[in-house]
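Engineer:
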Ligand code: MIC
Ligand code: SF4
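In the working numbering, the protein residues as written are 1 to 641.
(1) Taking Cβ positions, are residue 190 and residue 157 nearer each other than 8 Å?
(2) Which runs of the alpha helix (DSSP H) at least 4 residues long sit entirely within the region 354-408? Give them in chain order.
(3) Would the region 191-203 and the region 219-236 be scored as touching if the rule is three or more Cβ pairs under 8 Å?
(4) Beta carbon of residue 551, beta carbon of residue 571: below 8 Å?
(5) Give me the Cα-Cα distance between residue 162 and residue 201, rounded to the nearest whole angstrom.
(6) Hey, out of 75, 210 and 368, whose CA is closest to residue 129's CA?
(7) In three-state terms, what does DSSP make of residue 575?
(8) Between which two residues does the beta strand (DSSP E) holding residue 562 run?
(9) With DSSP run on the structure shown, which of helix, strand or coil describes residue 64?
(10) For residue 614 and residue 577, I'd like the C-alpha separation in whole angstroms.
(11) Per DSSP, which one or two residues make a beta bridge with residue 149?
(12) According to DSSP, what are the bridge partners of residue 532?
(13) Quick one: measure Cβ to Cβ for residue 619 and residue 573, integer angstroms, because I've assumed they're closer than 8 Å.
(14) Can you find a heavy atom of ligand 2 that lies under 7 Å from the Cβ of residue 377?
(15) Using the Cβ count rule (16 or more neighbours within 10 Å means buried), how would you classify residue 395?
(16) List the DSSP bridge partners of residue 473.
(17) Can you tell me whether residue 320 is buried or exposed? The criterion is at least 16 other CB atoms within 10 Å of its CB, across all chains shown.
(18) Any idea if residue 441 is buried or exposed, counting beta-carbon neighbours within 10 angstroms, 16 or more meaning buried?
(19) Determine, using beta-carbon pairs with one atom in the region 30-42 and one in the region 407-419, whether at least three such pairs fall under 8 Å.
(20) Would you call residue 600 buried or exposed, if buried means 16 or more other Cβ atoms sit within 10 Å of its Cβ?
(21) Check the C-beta distance from residue 651 over to residue 25 and give it rounded, since I have them as a contact under 8 Å.
(22) Mind listing which residues have their beta carbon within less than 5 Å of any non-hydrogen atom of ligand 1? Chain order is fine.
(23) Any chance the CB of residue 562 is under 7 Å from a heavy atom of ligand 3?
(24) Who are the near neighbours of residue 78 in its chain, counting only those whose CB is closer than 7 Å to its CB and skipping five residues on each side?
(25) So, for residue 369: in the same chain, excluding its five sequence neighbours on each side, which residues have a beta-carbon less than 7 Å away from its beta-carbon?
(26) CB-CB under 7 Å to residue 425, same chain, minus the five flanking residues each way: which ones, in chain order?
(27) Please decide whether residue 460 counts as near chain B, where near means a Cβ-Cβ distance under 8 Å.
(28) Please classify residue 1 as buried or exposed, where buried requires at least 16 other C-beta atoms within 10 Å of its C-beta.
(29) From the DSSP output, in three-state form, read off residue 622 for me.
(30) Under DSSP, the alpha helix (DSSP H) around residue 7 begins and ends at which residues?
(31) Please return the same chain residues whose Cβ sits closer than 6 Å to the Cβ of residue 121, not counting the five positions on each side in sequence.
(32) Less than 7 Å between C-beta atoms, sequence neighbours within five positions excluded: which residues of the same chain meet that for residue 292?
(33) For residue 384, count neighbouring C-beta atoms within 10 Å of its own C-beta (all shown protein chains included) and say buried if the count is 16 or more, exposed if not.
(34) What is the DSSP secondary structure of residue 110, counted as helix, strand or coil?
(35) Since residue 80 is in the alpha helix (DSSP H), which residue starts that stretch and which ends it?
The following block contains the structure:
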């Protein structure tokens, strides 16, 4: 039978199960990546698993998120990660080397390989024809320890690309268009696979922009074929030998299909506060802009920044605009420095900051009160920039750069400026910011553990009755940034759950932690797509620490659902979504005999306060149920039942 590319790669890596949508499979994981804000938990967990060396072909620990060192905390985390990486044969990418997804694409991504990363934007690797999946830290730790990962087989949504992008329209506009069509939950339970003659008009870094933001669709991952452009990209990175052509069979049948004619697209923007709130730049504009930020794992490639430099060259950034640029990697920054593009940016009035996530995760550069910020990033959730009342618009690098000059959100096609194609470059290998393991045995390398690093909380095996008070009634599309906010104040505490838990749900309801403590055991009621966004397992661990035992929602985002199960918190779905409206804070919900009920099609929940009962759907796979019974993945691995 003709196959999609996604299923070909999955089949190549299949260890257990059948490739049938909805069934659980276990696949071999060739590579893993971690970053520092999820990495401390991952490496605490890896240490707890007591393995000697990682079982993957390649595992890399990146430092790119927590780079604003205002105290000892981040630096301690970096030292901890470096020491554990060395103990287990993991490569360490030093701060300054760049954003994990960009650096991985440049140096390590290989067509046809699998990659699991403790960051939701790991699917960036799909731009190189990888099956690259974002997951919670514990799943990545297990993948390192055992070389495998279990997942529910997704359907494959084919995006048929035809035509060619017009000048001033770029890869960012392609994915914004797809988001406009499908919404932030349109990719849940799916792999998004791009195919068709339009593919050849997109470079690997264009493709990586598109697969990167597949995370915003809620997709398991996104993937492009590996073709001549892939070969050219790998050759430019000195890795042509990693190239292998890959594509779906010509008559492959997709579960769903979306047609996109690239030539009909125009410059788009996602307005506050959701990546799917997409309109054309013209519809949103003209809009006075206070800040323009260019960078992030979505749009910080060499070609992106060369286009920006070309637009800025010989011009002046508008007097009302603060333009900040964060190149994706040290390789890119070096090249921009060598060829003069950096000088063009600086001369125009740009603020160039280090190669890291930076403003994308609120680490500096928060906009002014009620400010308007145009960003080439992937997420514009309320408050994520560090300024609660700021309005963040997600745009392409071209739109960002031209708007920085005009001071208003501008469609570059009206500028009269002609954008030339960016010439290919060769990027010399430079390993000075990578530390490779030196072959020493684990016992010879001590773990460096600073005082801010606290043990992760553990749940208890599921008891005979589950009773908890409603401590939050949340709406649709709650993000993990809502559940466990992250900014320059809080990122230094990613290895300290007790401290972080005091800020749980801070942007929505500052009374949440106190209410949880008063309730002893809590339940959260959520709407659709609960837990979308980041892979941070802190959004499960902090609630666990605060006594949350189950969450009932209309639907869950994939990674967060897994993180809840890994922590032994039950994610339960309303049988009848109308029941969602029937709760008030403080009501007591009781599940009798949850151990047995968790294996049924439905679980009956009694609202002790109103006397009413309703049903929820557990839908646990066999392995998930084992974790739920044991009180989480670590308990299960320790043999608890
Ligand atoms: C994000 O973009 O939200 C992050 C910060 O990269 C997260 C990871 C984290 O919370 O540490 C992600 O995307 O998974
Ligand atoms: Fe970093 Fe932002 Fe990318 Fe997350 S989305 S990995 S914070 S650049």
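The C-beta atom is built at its ideal place from N, Cα and C for all residues, glycine as well.
Structural biologist: In short, the structure shows the following:
(1) yes
(2) 397-406
(3) yes
(4) yes
(5) 9 Å
(6) 210
(7) coil
(8) It is not in any beta strand (DSSP E) - residue 562 instead sits in the alpha helix (DSSP H) that spans 558-566.
(9) coil
(10) 11 Å
(11) 27
(12) 479
(13) 7 Å
(14) yes
(15) buried
(16) 525
(17) exposed
(18) exposed
(19) no
(20) exposed
(21) Beyond the ends of the chain as shown, which are 1 and 641, falls residue 651; an answer cannot be given.
(22) 37, 38, 119, 120, 361, 534, 535 and 536
(23) Ligands in the displayed structure: ligand 1 and ligand 2; ligand 3 is not one of them.
(24) 36, 63 and 95
(25) 387 and 389
(26) 236, 302 and 335
(27) In the structure shown, chain B does not exist; there is a single protein chain.
(28) exposed
(29) helix
(30) 5-13
(31) 101, 212, 215 and 297
(32) 321, 323, 374, 400, 403 and 404
(33) buried
(34) coil
(35) 72-88
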